[in-house]
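Engineer: This is the structure I have questions about; it appears just below.
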Amino acid sequence: MAGEYREYNYVAADTIDVSELEPLDPETKQIMKSEFSTGIKLTLFYYVFILSIPILNWYAGEFMFSRMWGGMTYSWFFTSIVAMAMAFVIALIHTTLYEKRLKNQAEQSPAPADGRRIG
Amino acid sequence: MSTFLEPKFLLTLILMGTIVYITYLTKRSATASDYFVGGRSFGWFTNGSAIGGDYLSAATFLGIAGLTYQLGYDGAYYAFCFSIGLTLLAIFVAGPLRRFGAYTVADFLAYRFHSRRARLAAVAVVLAISGFYAAPQLLGAAQILSMFFGTSYEFGIIFTCSVMIFYVGIGGMKGTTLNQALELWIRLGAFLLMVGAAIWGGLHYQDILASINEFKGTITGTAGFTSDGKDIPFDGSVWTGTGNYFPSFWQTISMTIGLSLGTIGLPHILLRFYTNPSAKAARRSALMAIGIASAFFLFAVYLGVVGRSIFLTGEADPAVMKDLIAGGNNMVVPSTAQALGGEWLLGLVIAGAFAAVFSNLSGLFIASSGALAHDLYATFFRKNITEKERVIAGKLSIIVLGVLYGVLGLMVKEASIGHLVALAFTVAASTFTPIFILGIWWRGMTEKGAIAGLVLGLVSSMYMIFFKTTLPEFLQFNVPGIITVPIGFLSVYIVSKLDRKVPSDVNEFMKQVHSKESEAA
């Protein structure tokens, strides 16, 4: 089970200058790096798709609003059909990669991580 | 036929009865965990359905089809922007947030920095976003009651708030989640039946789009319902491209940024990830919700096109034509349902619309209740509060919220549901989105940085929404995300860089929200 707080009240913590902060432990660092790297690649790809629609609509309107299927224009097709599928596909790829990574990590070291207790 | 045997009454009563039954079954909330996060017992299917129920509000069920009906491509673009956010939430926030595992959105900031000030700032933002979001949901409910049951707008607001006080106050998160999951499937069923009926009736997407785009002239059968007694003229060309609602390229981009990043900051959606038993289940819940939402948006746009097609032919029942004119764009889905499938389909859609309103409002009520009872009362006024008193405080806060949201609902009688929700998304994108993304992925975020981000994000987005006309013309955005979201992110970053004082245990926090999970073994 994921981390669970035992108490509601929190205790005061000291602060330190960010430059004096200890480096993260290698395992957490690795997990964060690999998760963020996957996430940011998928997000960049997704945003290229997302932003290409309004950019093309405004700067290549003749093509985007020309008919491709009956009364459906390219723009309409990408905005109301392809984009809906794309939202799910990106999330599916992310979840699949995450679960694969989780499985690999579990095979390498099955010990559960410690939760941070507050209070 | 007796009034109560009419499909719209019957199906609405069945929905109400089911809500009462589920609420009764789940009324026992012994601990704060039961009340605020449903004992963290919901698997990915139930929670995915509930997230879908929470996300797909009246704005989606009624508003997106309505905007497409009214604006054409610009309405479809609204759906596109709404569809992006859950995916980003699944990628960056869902799993880490569940590993964090507290009760409320404000808990995240309070524990991240060990700070009461941060908690207080978060409470203010939760209440602001929830109020912005709740008002249009109440507007939708009151309009449905008024149009289809003949009640006054004011009665609709009071009735809906009363149902919410009962539903959330008694059932807590457990009852709310199960009701939300059920209500989602009622809505999806209604949409599927409408889509099936439209296709069965030969209203094929590409063909009706062509007929709408080519239509020019007046719409027959509308004269009797217009104030000037003349048939409504319509030019299909205004429906074909962007620029009717978004007058410039930058308005479009601003809307895209505001809506796509807003979901990450919606308190009632963030809260749902605390109710999963694990981070893995949280990600799967998000995936399921995205699948459902994508299908919903696809159907909503298509049904907006179907509604416009029915309206243009002028061959629908006069009652339908009247509703399409008098009800405005918010009532297109019920009117289209009546045209496609008669009274029974209309009845199901009305029940579905109530389900949408109740589902979304209950999420907002529970998120705001957590902010008032758990974050404000129990933290600042009664530190040694018992578990039982915490639950009672949660229930009492629901009554306070019912009154507060009721007043807000009365103030937005003439507004567009879809647009008001878009503004709530912008406030969320400018406040909580930077905090959650940076708080989860950047150790350098400081308490002062987070508070600055919340305050400046909230103030700038509120100002640009409410006092738009005081700004120079180039800054007058319909949805001001392009200005306010960077303000939110930059203020967190710049103030954190200047402050440099991070909590000494920030590494432990990072380890907790990113650590391996025991269930993977």
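Protein sequence lines correspond, in order, to chains A and B.
In terms of this note's numbering, the first sequence opens at residue 1 and continues consecutively.
In terms of this note's numbering, the second sequence opens at residue 1 and continues consecutively.
Glycine residues also receive a C-beta, built at the ideal position from the N, C-alpha and C atoms.
Predicted model, so just to flag it, every value in this text is computed and none were measured.
Counting C-beta neighbours from all protein chains within 10 Å, is the total for B/Thr386 16 or more, i.e. buried, or is it exposed?
Structural biologist: exposed
Engineer: My parser needs the beta strand (DSSP E) runs of 3 or more residues fully inside the segment 58-110 of chain A; what are they?
Structural biologist: 67-69
Engineer: A/Val48 versus chain B: which residues are under 9 Å apart at the beta carbon?
Structural biologist: Simply none; closest approach about 13 Å.
Engineer: Within the segment 444-471 of chain B, note down every full alpha helix (DSSP H) run reaching 4 residues or more, in order along the chain.
Structural biologist: 447-466
Engineer: If you measure from the beta carbon of A/Glu7 to each beta carbon in chain B, is any gap under 7 Å?
Structural biologist: Only weak support is given to the placement of A/Glu7: the predicted model assigns it a pLDDT of 45, under 50, and the value that follows is read from those uncertain coordinates. For A/Glu7, the answer is no, since every Cβ of chain B falls outside 7 Å of its Cβ.
Engineer: Do B/Val513 and B/Pro434 have their C-beta atoms within less than 7 Å of each other?
Structural biologist: no
Engineer: The beta strand (DSSP E) spanning A/Thr15 covers which residue range?
Structural biologist: Note, A/Thr15: beta strand (DSSP E), Thr15 to Asp17.
Engineer: B/Phe249 by DSSP, collapsed to three states: which one?
Structural biologist: Three-state result, B/Phe249: helix.
Engineer: Return the bridge partner residues of B/Val20 from the DSSP annotation.
Structural biologist: The partner list for B/Val20 (beta bridge, DSSP) is empty, contrary to what the question assumes.
Engineer: What is the DSSP secondary structure of B/Lys216, reduced to helix, strand or coil?
Structural biologist: If DSSP states are grouped into helix, strand and coil, B/Lys216 belongs with the strands.
Engineer: According to DSSP, is B/Lys8 helix, strand or coil?
Structural biologist: helix
Engineer: Could you name the residues of chain B that A/Leu24 contacts, counting a contact when the two beta carbons are closer than 8 Å?
Structural biologist: Arg443, Asn507, Met510 and Lys511
Engineer: For B/Tyr493 and chain A, any beta-carbon pair shorter than 7 Å?
Structural biologist: no
Engineer: Would you mind telling me which residues of chain A sit closer than 9 Å to B/Ala90, beta carbon to beta carbon, in chain order?
Structural biologist: Ile90, Ala91, His94 and Thr95
Engineer: Flag this pair as yes or no: are the beta carbons of B/Tyr69 and B/Gly342 separated by less than 7 Å?
Structural biologist: Not in contact: B/Tyr69 and B/Gly342 (Cβ atoms no closer than 7 Å).
Engineer: Which parts of the segment 145-233 of chain B are runs of the alpha helix (DSSP H), unbroken and 4 residues or longer, counting only runs that do not cross its ends?
Structural biologist: For the segment 145-233 of chain B, whole alpha helix (DSSP H) runs of length 4 or above, ordered along the chain, are 153-200 and 205-214.
Engineer: Return the bridge partner residues of A/Lys41 from the DSSP annotation.
Structural biologist: Partner(s): none; A/Lys41 has no beta bridge.
Engineer: With a cut-off of 8 Å on the beta carbons, I'd call B/Leu184 and B/Ile292 a contact; round off their distance for me.
Structural biologist: 7 Å
Engineer: For A/Leu42 and A/Ile90, I'd like the C-alpha separation in whole angstroms.
Structural biologist: 7 Å
Engineer: Quick test of your reading: B/Leu438 and B/Met445, contact by CB under 8 Å. State the CB separation rounded to the nearest angstrom.
Structural biologist: 5 Å
Engineer: Give the range of the beta strand (DSSP E) segment to which B/Lys501 is assigned.
Structural biologist: First-last of the beta strand (DSSP E) with B/Lys501: Lys501 to Pro503.
Engineer: Could you spell out where the alpha helix (DSSP H) holding B/Leu89 opens and where it closes?
Structural biologist: Tyr73 to Phe92
Engineer: Quick check on B/Asp317: does DSSP put it in helix, strand or coil?
Structural biologist: coil
Engineer: Quick check: does the Cβ of B/Ala316 come within less than 6 Å of any heavy atom belonging to the ligand FAD?
Structural biologist: What this structure holds is no ligand at all, so the ligand FAD is not there to describe.
Engineer: Let me make sure I understand the geometry here. Which of B/Val123, B/Tyr153 and B/Gln206 has the alpha-carbon closest to that of B/Leu266?
Structural biologist: When only C-alpha atoms are compared, the closest one is B/Val123.
Engineer: Check whether the Cβ of A/Ser80 lies closer than 7 Å to any Cβ atom in chain B.
Structural biologist: So, interface residue.
Engineer: Using 10 angstroms around the beta-carbon of B/Met383, count the other beta-carbons present and answer buried if the total reaches 16, otherwise exposed.
Structural biologist: A quick correction: the sequence has Lys, not Met, at residue 383 of chain B. The Cβ neighbour count for B/Lys383, taken over all protein chains shown within 10 Å, is under 16; the residue is labelled exposed.
Engineer: With a threshold of 16 other CB atoms inside 10 Å of the CB of B/Gly66, please say whether the residue is buried or exposed.
Structural biologist: Buried is the call here.
Engineer: With 8 Å as the C-beta to C-beta threshold (strictly closer), list the residues of the segment 242-253 of chain B near chain A in chain order.
Structural biologist: Listed in chain order, the positions of the segment 242-253 of chain B with a beta carbon within less than 8 Å of a beta carbon of chain A are Thr242, Phe249, Thr252 and Ile253.
Engineer: Take every Cβ of the segment 414-433 of chain B, pair it with every Cβ of the segment 260-274 of chain B, and state whether three or more of those distances are shorter than 8 Å.
Structural biologist: yes
Engineer: Counting only C-beta atoms, is B/Arg500 closer than 7 Å to chain E at any point?
Structural biologist: Note that chain E does not occur in the displayed structure, where the protein chains are A and B.
Engineer: Would you list, in sequence order, the uninterrupted alpha helix (DSSP H) runs of no fewer than 4 residues that lie entirely inside the segment 339-414 of chain B?
Structural biologist: 387-411
Engineer: Using a Cβ-Cβ cutoff of less than 6 Å, which residues in the same chain neighbour B/Leu410 once the five nearest sequence positions on both sides are dropped?
Structural biologist: Taking C-beta separations shorter than 6 Å and ignoring five residues to either side along the sequence, the partners of B/Leu410 in its chain run Ile157, following chain order.
Engineer: Would a check of beta-carbon distances place A/Arg116 closer than 7 Å to chain B?
Structural biologist: Unreliable positioning characterises A/Arg116 in this predicted model, as indicated by a pLDDT of 44, which lies under 50. The coordinate reading is nonetheless provided below. Yes, its Cβ sits closer than 7 Å to a Cβ of chain B.
Engineer: Answer yes or no: does any C-beta atom of chain A fall closer than 7 Å to that of B/Gln180?
Structural biologist: Judged by the 7 Å Cβ criterion, B/Gln180 is not in contact with chain A.
Engineer: Based on the DSSP secondary-structure assignment, which residues constitute the bridge partners of B/Asp235?
Structural biologist: The beta-bridge partner set that DSSP reports for B/Asp235 consists of B/Lys216.
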